[in-house]
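First to last, the sequence lines map onto chains A and B. If you're matching positions, the first sequence starts at 1 in our numbering and goes up one per residue. If you're matching positions, the second sequence starts at 1 in our numbering and goes up one per residue.
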Amino acid sequence: MKRSRAFAGSGIALGALAAWVALPPFAVRSPFVPILIAVGAAGAGIVALRAGDRRRGRLAVAAGVFGGSLGILATFSSLEHLDAVLGWSALLAAMLRYATPLLFAAIGGLLSERSGVVNIGLEGMMLTGAFFGILGADKTGSWALGLLIGIVAGGALALLFAFWSIHLRVDQIIGGMAMNFIALGLTGYLFVDIYGDQGTPDIASIPDVHLSFLDPIPFVGDVFGQLNLLTWVALGLVPVIAVVLYRTPVGLRLRAVGEFPRAAETVGIDVFVTRYAAVVASGMLAAAGGAYLSIGFVDSFNQNMTAGRGFIALAALIFGNWRPFGAAGACLLFGFSTALAQRLAVYSQHGGIQIDVLFQALPYVLTLVAVAGVIGRSIPPAAVGTPYRRQ
Amino acid sequence: MTGEDPTILGRYRLLQKAGGLAAPLLTAAMAFLVGGLVIIATTHKAPWGVYRGIFNGAGLNWVLPWISAADRTNAGYNLQQTLLVTTALILTGLAVSFAFRCGLFNIGGQGQYIVGSVFAVWIGSSLAGLQPAAHIVLAVVVATVAGAVWAGIAGLLRATVGAHEVITTIMLNWTAVWVASALLGQGGPLQGKGGADNPISSAVAEGAKLPVIWGDPLLQGLSIGIFFALVALVVYSLVTNRTTLGFGIRAVGKSNEAARYSGIDVARSTVIAMAISGAFAGLAGALDILGWQFRLSVGDVQASQIGFIGIAVALLGRNSAVGVGLAALLFGALVTGTSTRNLDPSVFRPDLASNLTILIQGLVVLFVGADVVVLVVLGRLRRRRA
């Protein structure tokens, strides 16, 4: 057991190394170096798997694939640009920006799934929040009211989903997909109807928090000195939700309803009320993430602008084993890959093909790899996906 | 889906036996009704006029005996396009239906369709001078297999590590979109040689184009692709209901455990079900390319919704061959009737209408999921009549 753990540990380290060597200050230019190291990482992972340490072994294999692909991609980028891309502090700040909407949605999904309702509709609720957030900010002239309106709209859609999945006991996957389509159609329709060809106007966007006392500190100041308000809210939510979930009666009730609703009801917990509250909260959180996208990040709205982020958040949730810190870590990982892809993309042109377009696929491929690599080890709440019938 | 409630299930079965059409029809009617309310609320136009504009834009007025000869010619063009879209929707609908039979929700029809299109345009636009029939068959087969492989990835992940197919197929969709965009875009290997800066492929060779059976080949006439789709409906029905393979797949869909106990290889059924689903969607991509699009652009890849609409087609068609065919016609008419080319802009803005299509599609999925609601409404209607 101890040896397998050592193998798995070195596999994970090698996976990180595979990405590391291709980045400054080493900046190896041949793709074969990261490939070789990544193969080593995967090999060590397989040895660990063989020896029976399935969890760490899989993690090592995933780290090898992850680090290897990042490393290979980095060798494609030209050297002078790598320095510009990979100011580490700027990259980490970008990671936090890209992770913010995922964090909101993943925490929302966590609440819903812990209460026993799969919320595939996160994507649609995000999109709703994004559109109504910017609409509200435009009409009221205030980002705070816009954010509020976005959150309320996402909550309303979630309420409809809750009624469908809890009261009518509709298949949660189908109901959730319905939410996604309705949100896509409705926001697209209203966007064209209200803003037409002009696109959304300039709006009062959610402000950044400038922490001037961090400025003199070299690295920390660059990463944390100038982050969006909602990024801090998202980061703050993670420990709060963790405490609520594991240290309060409310959290205990929520988890009980998600694990064994019949028993929960026997001791006097209202399953329906708990699930309604959790689903509506998940919609509001996802909408906050969407509103961050439209009025905190890009300051405009486009049809289907969430582009699968709701599903990535769902994957992060599973990757994080339905735990707040795990899910948050996965969100940061996905945020990092997106940030790296975006920043590499800006500076790369390799051969004929547009590498920057190809880079857009990276977050989705990595999500696929992550889901495939770790999912067997994660254990969902026992009652997730099954409607509850009162007796 | 409505679950264990004996009374509701009992009534549902009765309803399906007595007149299985009632529930889907009412579902569609309710979706259009809510869509109409949105039209009234936002544009203050009478939804009836808008829907009639879509009806005419789809060329469905072709069947009306009283329209003038000029109108009929025009309606013919429109109807040909509707049937072309119907062809693709039948297949993307089957892509969802087949997986449903195995208890899998294939949301990846869009990606599988794109992969099929890319391979069809690749084979179709290269290998010029090949025997026409052989060229068509080769392009169709390669695209179909490519779709099957793309979906098979999700099936394999489901069968081996238990990754939920909803997440994996969505990720495969986006991967397909961006990889196809890179291949067709500036400097990509599939970008056409002629138009220097356009992110679009070369046209497929003349020999690889599907023969047109109704209308003008230059004006997107109806190709023989529709027969492929109709045959696929029959094959779907036969495979699911009359073969060992189909039985195994349905058994897995009903209960993994029971299927495993009776000796069915659940993992194998899962992979095969996803692969066959993907084959349908890949075929749809091939028929669209060889039948009327002839080229594939980055814009096409990023804007296409055909695979997604297949979800609503399958749900509304209740996974039966006839139902899928009819639902595909409905959505084919909606898509064509709301397109910029076909919808009279004085009636309704086409860019609004295309979003209305997505909304109606969402409402259909919403209401289809809730048989209970439909039944309650039906029951009230009956009581009122009595």
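Heads up, the beta-carbon is just placed ideally off N, CA and C, and yes, glycines get one too. Predicted, not measured: the structure shown is a model, and the values here were computed from it.
Worksheet item: Using a beta-carbon distance below 7 Å, is Val161 (chain B) in contact with chain A?
Response: yes
Fill in: the region 352-371 of chain B: positions lying closer than 7 Å to chain A by Cβ
Leu352, Asn355, Leu356, Ile358, Leu359, Gln361, Gly362, Leu363, Val365, Leu366, Gly369, Ala370
Worksheet item: When the cut-off is 7 Å and only beta carbons count, does Val179 (chain B) lie next to chain A?
Response: yes
Fill in: the region 295-317 of chain B: positions lying closer than 9 Å to chain A by Cβ
Val298, Phe308, Ile311, Ala312, Leu315
Worksheet item: Using 7 Å as the limit for Cβ to Cβ distance, is Asp208 (chain A) near chain D?
Response: Looking for chain D here will not work: the only protein chains present are A and B.
Practice prompt. Give the straight-line distance between the Cα atoms of Val384 (chain A) and Thr274 (chain A), rounded to the nearest whole angstrom.
Written response: 14 Å
Discussion item. If you follow the beta strand (DSSP E) that Asn228 (chain A) is in, where does it begin and where does it stop?
Written reply: 226-228
Worksheet item: Quick one: which chain B residues come within Cβ less than 7 Å of Ala178 (chain A)?
Response: Gly362, Val365, Leu366, Gly369
Worksheet entry | Cα-Cα separation, Val61 (chain A) to Phe32 (chain A) | 18 Å
Practice prompt. With a floor of 4 residues, list each alpha helix (DSSP H) that falls wholly inside the region 69-135 of chain B, ordered by position along the chain.
Written response: 69-101, 109-125
Fill in: Spatial neighbours of Gly373 (chain A) in its chain, beta-carbon cut-off 8 Å, leaving aside the 5 residues before and after
Arg58, Leu59, Val61, Ala62, Val65
Practice prompt. Measure from the C-beta of Gln186 (chain B) to each C-beta in chain A and report whether the shortest distance is under 7 Å.
Written response: yes
Discussion item. I want to verify the contact list: residues of chain B whose CB lies under 8 Å from the CB of Thr367 (chain A), in sequence order.
Written reply: Ile167, Met171
Worksheet item: So, does the CB of Leu157 (chain B) fall closer than 7 Å to a CB anywhere in chain A?
Response: yes
Fill in: Which listed residue (B:Val212, B:Ala182, B:Asp216, B:Gly362) has its alpha carbon closest to that of Ile355 (chain A)
B:Ala182
Worksheet item: What are the boundary residues of the beta strand (DSSP E) that includes Trp214 (chain B)?
Response: 212-214
Discussion item. Please report the distance separating the alpha-carbon of Val192 (chain A) from that of Asn302 (chain A).
Written reply: 10 Å
Item to complete: With DSSP as the reference, please indicate the residues paired to His210 (chain A) in a beta bridge.
Response: A:Gln226
Discussion item. Looking at Gly310 (chain B): is its Cβ nearer than 7 Å to the Cβ of Thr86 (chain B)?
Written reply: no
Worksheet item: So what does DSSP say about Ile379 (chain A), is it helix, strand or coil?
Response: coil
Worksheet entry | Residue from A:Val238, A:Ile46, A:Asp53 with nearest C-alpha to Ala101 (chain A) | Looking at the sequence provided, one finds Pro at residue 101 (chain A) rather than Ala. If we check each option's Cα against that of Pro101 (chain A), A:Val238 comes out closest.
Worksheet item: Just the Cα atoms here: how many angstroms apart are Gly185 (chain B) and Pro199 (chain B)?
Response: 4 Å
Item to complete: Report the option in A:Ala315, A:Val28, A:Ile166, A:Gly236 whose CA atom is closest to the CA atom of Pro380 (chain A).
Response: A:Ala315
Worksheet item: In whole angstroms, what is the alpha-carbon distance linking Ala394 (chain A) and Asn256 (chain B)?
Response: The structure shown does not extend to residue 394 (chain A), since chain A is modelled only from 1 through 391, so no value can be given for it.
Worksheet entry | Spatial distance of Val250 (chain A) from Pro261 (chain A) (CA atoms) | 15 Å
Discussion item. Using beta carbons (cut-off 7 Å, strictly below), is Pro380 (chain A) in contact with chain B?
Written reply: no
Worksheet item: Residues in its own chain within less than 6 Å of Val161 (chain B) by CB, not counting five upstream and five downstream?
Response: none
Worksheet entry | Under 8 Å by beta carbon: chain A residues contacting Val96 (chain B) | The contacting residues do not exist; Val96 (chain B) stays about 10 Å from chain A at best.
Worksheet item: Closest Cβ-Cβ distance between Phe105 (chain B) and chain A: below 7 Å?
Response: yes
Discussion item. Counting only Cβ-Cβ distances shorter than 9 Å, please list the residues of the region 181-201 of chain A near chain B, keeping chain order.
Written reply: Phe181, Ile182, Ala183, Leu184, Gly185, Leu186, Thr187, Gly188, Tyr189, Leu190, Phe191, Val192, Asp193, Ile194, Gly196, Asp197
Item to complete: Quickly, what does DSSP pair Gly200 (chain B) with across the bridge? List them, please.
Response: Note on identity: in this sequence residue 200 (chain B) is Ile, with Gly being the wrong assignment. Looking at the DSSP assignment, Ile200 (chain B) forms a beta bridge with B:Ser297.
Worksheet item: Are the beta-carbon atoms of Asn119 (chain A) and Gly175 (chain A) separated by less than 7 Å?
Response: no
Practice prompt. Report the partner residues of Leu333 (chain A) according to the DSSP bridge assignment.
Written response: Note: Leu333 (chain A) sits in no beta bridge, so no partner.
Fill in: Whole-angstrom distance between Ala154 (chain B) and Thr169 (chain B), CA atom to CA atom
6 Å
Practice prompt. Name, please, each residue of chain B whose Cβ falls closer than 7 Å to the Cβ of Leu358 (chain A).
Written response: Trp178, Val179, Ala182
Practice prompt. May I ask you to report which of helix, strand or coil DSSP gives Leu190 (chain B)?
Written response: coil
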